[in-house]
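*Asks:* Sharing a structure below in C-alpha cells format, with a few things to ask.
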Amino acid sequence: MKPKRRWLVPELVQTSAMDCGPASLKALLEGYRIPVSYGRLREACQTDVDGTSIDVLEETATLLGLEAEQVMLPLDHLLLTVPDSLPAIVVTQPNGGDTHFAVFWRRCGPFVQVMDPAIGRRWLRAERFLAEIYRHSQAVPAEDWRDWAGSDDFLPGLRSRLAAVTGTEETQLIESALTDASWFSLAALDAATRMVEALARNGGVKRGREGRAMLRALYRAAAEAPSGGVIPPAFWQVSVLADSEDGEQLLLKGAVLIRINGVSASPPEAELSPDLAAALAAEPDNAWRIFARFMRDIGLHTPLILTAALLVGGAVLMIEALLFRGLVDLVHDFDSSGQRLAGILCVALLAFALLLAEYANARELLRLGRQLEIRMRLAFLRKVPLLNDRFFNSRPISDMAERAHVVQQLRALPQWGGQVLRCGVELAMTTAGIAWLFPGLAPWAVLTALAAIAIPLLAQPALSERDLRARVHNAALGRFFLDALHGLAAVRVHGAERTVRAQHEALLSEYARARLQELRVALLTEGAQALISTGLAVWLLLRHYQTVGDSGGFLLLVYWTLKLPALGQQMAILCRQYSPLRNVALRVIEPLGARDETNTPADNLAETPAMQSPVHPGVTIDFRGVSAHAGGHSILNGLDLTLPAGSHVAIVGASGAGKSSLAGMLLGWMTPAFGEIRVDGETLDAARLDALRRDTAWLEPAVQLWNRPLLDNLLYGSPQEALAGVGEVLELADLHEILQDLPDGLQTSLGEGGALLSGGQGQRVRLGRALLKRDARLVILDEPFRSLERKRRETYLATLRAVWPEATLLCITHDIVSALDFERVLVMDGGRVVEDAAPAALAALPDSRFRALLDAENAALESLWADSAWQNLWLDRGRLRTDQEPAG
5 MKPKRRWLVP ELVQTSAMDC GPASLKALLE GYRIPVSYGR LREACQTDVD
55 GTSIDVLEET ATLLGLEAEQ VMLPLDHLLL TVPDSLPAIV VTQPNGGDTH
105 FAVFWRRCGP FVQVMDPAIG RRWLRAERFL AEIYRHSQAV PAEDWRDWAG
155 SDDFLPGLRS RLAAVTGTEE TQLIESALTD ASWFSLAALD AATRMVEALA
205 RNGGVKRGRE GRAMLRALYR AAAEAPSGGV IPPAFWQVSV LADSEDGEQL
255 LLKGAVLIRI NGVSASPPEA ELSPDLAAAL AAEPDNAWRI FARFMRDIGL
305 HTPLILTAAL LVGGAVLMIE ALLFRGLVDL VHDFDSSGQR LAGILCVALL
355 AFALLLAEYA NARELLRLGR QLEIRMRLAF LRKVPLLNDR FFNSRPISDM
405 AERAHVVQQL RALPQWGGQV LRCGVELAMT TAGIAWLFPG LAPWAVLTAL
455 AAIAIPLLAQ PALSERDLRA RVHNAALGRF FLDALHGLAA VRVHGAERTV
505 RAQHEALLSE YARARLQELR VALLTEGAQA LISTGLAVWL LLRHYQTVGD
555 SGGFLLLVYW TLKLPALGQQ MAILCRQYSP LRNVALRVIE PLGARDETNT
605 PADNLAETPA MQSPVHPGVT IDFRGVSAHA GGHSILNGLD LTLPAGSHVA
655 IVGASGAGKS SLAGMLLGWM TPAFGEIRVD GETLDAARLD ALRRDTAWLE
705 PAVQLWNRPL LDNLLYGSPQ EALAGVGEVL ELADLHEILQ DLPDGLQTSL
755 GEGGALLSGG QGQRVRLGRA LLKRDARLVI LDEPFRSLER KRRETYLATL
805 RAVWPEATLL CITHDIVSAL DFERVLVMDG GRVVEDAAPA ALAALPDSRF
855 RALLDAENAA LESLWADSAW QNLWLDRGRL RTDQEPAG
C-alpha cells in the first residue's frame, strides 16, 4: 500500500525553458513532503541546454527517498486503478513539439490532475491528456516482452479492460493466451481488446454481450492469421521488427514514465553527492529575504520614514475630503470676503504642502529603487565569478544574458510597494470614515472594501502562473533568436529560411497564446472586481438614501463610496504588476543562491597563492576509482591512473572515449560522481582546484577570444610582468604574420569571438596566451593545433614541450602519429584507459588498440594524398595554386 500523498500536487512553474525535469521532480518530492531546493536539484539533475535525462531523474528520485522505477506502459493502462501507475513523471509532446516532462498526479472521474511545469497545476479530461503523451518506440527481445506480459504488471490491466468492454474478465481467453509460450497470443488478445474498446467508445458496438462476441471473433481471426488478421496495426502494442540480427525482436510502443511507488521505508544506502546533499539542506529561494537584507544594508531609517510618510499621506486624504465638504459651506460660514479669501488661501497652502510631500515621497522611492538595483547588480557581478561550470553549462547564453538585463526592472519595486501601502491606507481610512459618519452602513462599507481587494488577491496565483508561463516561452524565443543569429550564414547557404520561419512562427504563437491567456485573466479579474465593487457601492448609496434620505453628509458619502471601487481597481492593477516583479526577482536571485565553485571571495582571488612545490616543478596526479556522469550517461568509469610530476603523456582514442572529460576533471568542469582525484597527494577540492588553475596552461579551440585588442587577448589571465615576454611569444607562435595583416598591430580588436581571424590564426593567438604562463606546472593541450597544417603542428608541439620540459603535460589528440614522440600514451575507450604504455611498444603489438588507430590514420592519409582522383589545391596568402604551380 502506498503512503498517503497530498491530494493536490504542489505547483511549480519552471524558470527556464529546459527546467521541466527538475521542476517535475521537485513537485513530486514536495507532494510526498520531502522539501528540496529547486536550484540545487536542477544542478543535481545535470540539467543542460538540452534538458535533463529521464535516467538521471529516476536515479535522483531514488537517492532522495522515493521508490521510483522507469517503465514503458500502453497508454490505456495509465488511467487504470489496477495496476496503479500514479503518480508518475510522464514524457509528453504537447502540440507535436519537443518532448516535455509533466507530473501525472491522480485521476478523478473523467478528469486527471496534472502538474505541467510550463503551465502549472491543471485539470484535464483524460482523453486530452493521453493525446499529449509522447508515443515512444523501442526494440525489445520477444522473450522479455512475453515474460512481462505474463506478469502482474500487465495482466491486471488487461483484465480491467476486458471487464470494461465485455462485462467479465474473460478468464478463459487469458488462460488460453498464457498457454502459448510465444508472444503472439497475448499481444493478439491485447490488440483485440483495444480495437473493441475503440469501437465501443465510438458507438460501433455495444458493451457487454455484443462486445464479448466481437472480442472473441477478433481474437480467433488474429490467431488464425500470422499477420494479425483483421486487427489493424494501430491497435497492436508490439509488432515484429524485421531484419533483426539479435534474434526475434519486437517493436514496443507506449508511454515512458517514472512511476512512484511511495517513499522508501529506509534511507538509501548510497552516499549522496554534494549536489543532492545541498538540495536537501538548502533553504528555498526567497526573493524578499534577499531584498530585506539589501534594505538593511541601505539603512532601515529610510524605509521607515517613507512608510510613516505614506501612512500620513493616506490619512491626510481624509482631511482633504472633509475640507472639500467644508468648502461647500464656505459662503455661509464666512461673513466677509476677506475671511473667504483667507480660507481659500489656507486650503491652497495645504494643497501645495501635500504636493511637496508627494514629490519628496516619489523622489525618495525612485532613489531607493536605484540603490536596490545597484546593490542587486553588484551582488550578481560578485557571484558570477564564483559559480561553477555546471551552472553555466546548464543554461543557454541567452538565458543568462536575459537575467542580467531584467535586473533594471527591480528598481520599480519600492515604488510598487509604496503604491500598495498608499492604496491600502486609503482604502482602510475611507472605509473607517464611512463607518464613523454612518454607523448603520459600516457592514456594507466593509463588504464593499473587501470585495474591492479580495478578487485581485484571489486571482493572483492564476496571474502569476500565466506570467511565468509567458516568460518561459519568451526565454525559448530568446534562445531561438541567438541560435538563429549564430547560424545565419548556414541557414542562408542551405536555404533553410522556410524551416526557420516555421519554427519561429510556432514559438511566437505559443508566446502570444500565453500572453493572451494572461490578458484574459487580468481583464476578467479587473472586470469582475469593478462590477461587483461598483454594484455594492451603488447598493450602499441606495440603501442610505432609502433609509435616511438626503442628509447633510450625503455628498461626502457619495465621494467616499464611489472611491472604494476606484481604489479596488487600483489595487487590481497593482496585483497584476506583482506577478512580473516576483517572477523577475526569482529569476535574478537564482544565481545568488547557487553553490559556489570555490570558497574564495572574488575580490581575493588574485591574492590566493598558487601551488608551489620546491621539489617538483610539475604536479603529481592520481585518479582513484573516478567515475563521472553527464546527461544520464557514464563518461568515465572507475578510472585508476597515476601521472608522475613532469611526465609528458599523449591521450588518444575515438571521439566520445572520455579524453576531454579526463582533462575536464582537472579543469573543474566536472566533479567525480565516485572516486577521488589527488594532486600532489592532496584531494582536489574547491580550494585546491582554484590553486591548481593558477598553475595551469590550457590550450584548446574552445578557449574564448575576446572582442578586445590582440595584446589584451594575449595577456588575459597572466600577471602584469608577463608583458615583458610578449616579444618572445610573438616569435614562438608565429604571430608576426598575423600582425602584418592587422591595421593597428597589437592594439587591433579581434572581433566577437575572434571573428576577424581565421581558425588557424585564432589557434596561434590561443597558443601565445598559453606560452605566457612560463611557470605553469600543469599543461593541458586538447586538440591544440586544430585548423593548422601538419608541419606547423609538429613545430608547435616541439616548442611547447621545450618551453615546459619539467611540467606535467597532457596532450589530447586525434593525430596518432604525433603521439609516437611521447614517452607514454594512454588509449581511452568507453571512459576507461584500455592501454597505457610507451607508444613504440604499443605500435609493435599487432593487436593493440593504438596500432589499429595508427594504421587507420596512415591508411586515410595515403588514400587521400595518393589517390589520383583527388586534386590538391594550396591556398597561400589569398592565392590558390595547384601542385604544379610554384609557390610565392
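In terms of the numbering used here, the sequence shown opens at residue 5 and continues consecutively.
The beta-carbon is built from N, C-alpha and C at its ideal position, and this holds for glycine as well.
Rounded to whole angstroms, what's the CA-CA distance from Asp102 to Gln751? Just pull it up for me.
*Replies:* Numbered from 1 along the sequence shown, position 98 holds the residue referred to as residue 102. Numbered from 1 along the sequence shown, position 747 holds the residue referred to as residue 751. Roughly 46 Å separates the two Cα atoms.
*Asks:* For Leu846, list the residues DSSP reports as bridge partners.
*Replies:* Within the sequence shown, the letter at position 842 stands for residue 846. Paired residue(s): none; Leu846 is not in a bridge.
*Asks:* Give the straight-line distance between the Cα atoms of Gly679 and Lys257, rounded to the nearest whole angstrom.
*Replies:* Residue numbering aside, residue 679 sits at position 675 when the sequence shown is read from its first letter. Residue numbering aside, residue 257 sits at position 253 when the sequence shown is read from its first letter. Going from the Cα of Gly679 to the Cα of Lys257 covers about 39 Å.
*Asks:* Tell me, to the nearest whole angstrom, how far the beta carbon of Arg547 is from that of Trp448; I am working on the premise that it is less than 8 Å.
*Replies:* As a working mapping, residue 547 is identified with position 543 in the sequence shown. As a working mapping, residue 448 is identified with position 444 in the sequence shown. Contact holds; Cβ gap of about 7 Å.
*Asks:* For the beta strand (DSSP E) that His652 lies in, which residues bound it at each end?
*Replies:* For the purposes of this step, residue 652 is identified with residue 648 of the sequence shown, where counting begins at 1. Its beta strand (DSSP E) spans residues His652 to Gly657.
*Asks:* Quick one: using the 10 Å Cβ neighbour count with 16 as the cut-off for buried, is Thr646 buried or exposed?
*Replies:* Position 642 of the sequence shown holds residue 646. The residue in question, Thr646, is exposed, as its Cβ has fewer than 16 Cβ neighbours within 10 Å.
*Asks:* Mind checking who Ala701 pairs with in its DSSP beta bridge?
*Replies:* Here the question's residue 701 lines up with position 697 in the sequence shown. For Ala701, which the question treats as bridged, DSSP gives the partners Val783.
*Asks:* Quickly, what does DSSP pair Leu261 with across the bridge? List them, please.
*Replies:* Taking the sequence shown and counting its residues from 1, one reaches residue 261 at position 257. DSSP, once it has assigned bridges, lists Val75 and Val94 as partnering Leu261.
*Asks:* By the three-class DSSP mapping on this structure, what secondary structure does Val29 have?
*Replies:* Counted from its first residue, the sequence shown places residue 29 at position 25. Looking at the sequence itself, residue 29 is Leu, so the reference to Val does not match. Of the three classes helix, strand and coil, the one that applies to Leu29 here is helix, per DSSP.
*Asks:* Run through DSSP, which three-state label would His498 get?
*Replies:* Taking the sequence shown and counting its residues from 1, the one referred to as residue 498 is at position 494. Reduced to three states, the DSSP call for His498 is coil.
*Asks:* Locate the beta strand (DSSP E) running through Glu732, then write down its first and last residues.
*Replies:* Counting from one through the sequence shown, the residue named residue 732 turns up at place 728. From DSSP, Glu732 is part of no beta strand (DSSP E) but of the alpha helix (DSSP H) over Val730 to Leu736.
*Asks:* If you compare alpha carbons, which of Ala632, Phe396 and Tyr549 is closest to Asp600?
*Replies:* Along the sequence shown, one-based indexing puts residue 600 at 596. Measuring from the Cα of Asp600, the nearest candidate turns out to be Phe396.
*Asks:* Expressed to the nearest angstrom, what Euclidean distance is found between the alpha-carbon atoms of Gln176 and Leu222?
*Replies:* Here the question's residue 176 lines up with position 172 in the sequence shown. Here the question's residue 222 lines up with position 218 in the sequence shown. Straight-line Cα distance between these residues: approximately 15 Å.
*Asks:* Spatial neighbours of Pro78 within its chain, please: C-beta separation below 6 Å, excluding the five flanking residues on both sides.
*Replies:* The residue labelled residue 78 in the question sits at position 74 within the sequence shown. Here the set comprises Gln241 and Gly258.
*Asks:* Is the Cβ-Cβ distance between Ser268 and Glu63 less than 8 Å?
*Replies:* Taking the sequence shown and counting its residues from 1, one reaches residue 268 at position 264. Taking the sequence shown and counting its residues from 1, one reaches residue 63 at position 59. Against a cut-off of 8 Å, the Cβ pair of Glu63 and Ser268 comes out as no contact.
*Asks:* Indicate whether the contact test is met: 3 or more Cβ pairs, each with one atom in the segment 763-782 and one in the segment 735-746, closer than 8 Å.
*Replies:* yes
*Asks:* According to DSSP, is Gly679 helix, strand or coil?
*Replies:* The sequence position of residue 679 within the sequence shown is 675, counting from 1. Strand.
*Asks:* Which residue from Leu640, Leu696, Gly531 and Arg211 puts its Cα closest to that of Pro676?
*Replies:* In the sequence shown, residue 676 corresponds to position 672, counting from 1. Comparing Cα-Cα distances from Pro676 to each of Leu640, Leu696, Gly531 and Arg211, the minimum goes to Leu640.
*Asks:* Taking the beta strand (DSSP E) that Phe442 falls in, what are its first and last residues?
*Replies:* As a first step, residue 442 must be located in the sequence shown, where it is residue number 438. That residue, Phe442, is in no beta strand (DSSP E); it is neither H nor E in DSSP.
*Asks:* With the cut-off set at 8 Å, would you say Leu45 and Leu61 are in Cβ contact?
*Replies:* In the sequence shown, residue 45 corresponds to position 41, counting from 1. In the sequence shown, residue 61 corresponds to position 57, counting from 1. Against a cut-off of 8 Å, the Cβ pair of Leu61 and Leu45 comes out as no contact.
*Asks:* List the endpoints of the continuous beta strand (DSSP E) containing Ala106.
*Replies:* On the sequence shown, residue 106 is found 102 positions in, with the first residue counted as 1. Run containing Ala106: His104 to Cys112, per the beta strand (DSSP E) assignment.
*Asks:* Quickly, what does DSSP pair Asp600 with across the bridge? List them, please.
*Replies:* Against the sequence shown, residue 600 aligns to sequence position 596. Note: Asp600 sits in a beta bridge opposite Leu391.
*Asks:* Do Leu391 and Pro114 have their beta-carbon atoms positioned less than 8 Å apart in this structure?
*Replies:* Locating residue 114 in the sequence shown gives position 110, where the first residue counts as 1. Locating residue 391 in the sequence shown gives position 387, where the first residue counts as 1. Not in contact: Pro114 and Leu391 (Cβ atoms no closer than 8 Å).
*Asks:* What residues are listed by DSSP as bridge partners for Arg129?
*Replies:* As a working mapping, residue 129 is identified with position 125 in the sequence shown. Bridge partners of Arg129: Phe115.
*Asks:* Classify Thr799 as helix, strand or coil using the three-state DSSP reduction.
*Replies:* On the sequence shown, residue 799 is found 795 positions in, with the first residue counted as 1. Looking at Thr799 - three-state DSSP - the assignment turns out to be helix.
*Asks:* Helix, strand or coil, according to DSSP, for Arg211 in the structure here?
*Replies:* Numbered from 1 along the sequence shown, position 207 holds the residue referred to as residue 211. If DSSP states are grouped into helix, strand and coil, Arg211 belongs with coil.
*Asks:* Residue range of the beta strand (DSSP E) that Leu813 falls in?
*Replies:* The residue given as residue 813 occupies position 809 in the sequence shown. Leu813 -> beta strand (DSSP E) spans Thr812 to Ile816.
*Asks:* Kindly indicate which three-state DSSP category Ala226 falls into: helix, strand or coil?
*Replies:* For this step, residue 226 is matched to residue 222 along the sequence shown. Of the three classes helix, strand and coil, the one that applies to Ala226 here is helix, per DSSP.
*Asks:* Taking the beta carbon of Arg407 as the centre, do at least 16 other beta carbons fall within 10 Å, making it buried, or is it exposed?
*Replies:* Numbered from 1 along the sequence shown, position 403 holds the residue referred to as residue 407. Looking at its Cβ environment, which holds 16 or more other Cβ atoms inside 10 Å, Arg407 is buried.
*Asks:* Mind checking who Pro713 pairs with in its DSSP beta bridge?
*Replies:* Translated into positions along the sequence shown, residue 713 becomes position 709. Note: Pro713 sits in a beta bridge opposite Ser753.
*Asks:* Can you tell me which residues form a DSSP beta bridge with Ser631?
*Replies:* Position 627 of the sequence shown, counting from 1, holds the residue named residue 631. The partner list for Ser631 (beta bridge, DSSP) reads Phe678.
*Asks:* Given that a residue counts as buried once 16 or more other Cβ atoms are within 10 Å of its Cβ, and exposed if not, what is Trp564?
*Replies:* As a working mapping, residue 564 is identified with position 560 in the sequence shown. Under the 10 Å beta carbon count, Trp564 is surrounded by 16 or more other beta carbons and is classified as buried.
*Asks:* From Val683 to Pro621, what distance separates their C-alpha atoms?
*Replies:* The sequence position of residue 683 within the sequence shown is 679, counting from 1. The sequence position of residue 621 within the sequence shown is 617, counting from 1. Val683 and Pro621: Cα-Cα distance of roughly 13 Å.
*Asks:* Taking only the alpha-carbon atoms, compute the straight-line gap between Gln573 and Phe484 and give it to the nearest angstrom.
*Replies:* Locating residue 573 in the sequence shown gives position 569, where the first residue counts as 1. Locating residue 484 in the sequence shown gives position 480, where the first residue counts as 1. Straight-line spacing of the CA atoms in Gln573 and Phe484 works out to 38 Å.
*Asks:* If you drop the 5 nearest sequence neighbours on each side, which residues of the same chain put their C-beta closer than 7 Å to that of Leu760?
*Replies:* For the purposes of this step, residue 760 is taken as residue 756 along the sequence shown, with counting starting at 1. If we look at Leu760 and ignore the five residues flanking it on each side, its Cβ neighbours are Leu754.
*Asks:* Please say whether Glu787 and Ile816 have beta carbons closer to each other than 8 Å?
*Replies:* Here residue 816 corresponds to residue number 812 of the sequence shown, with the count starting at 1. Here residue 787 corresponds to residue number 783 of the sequence shown, with the count starting at 1. Contact flag set, yes.
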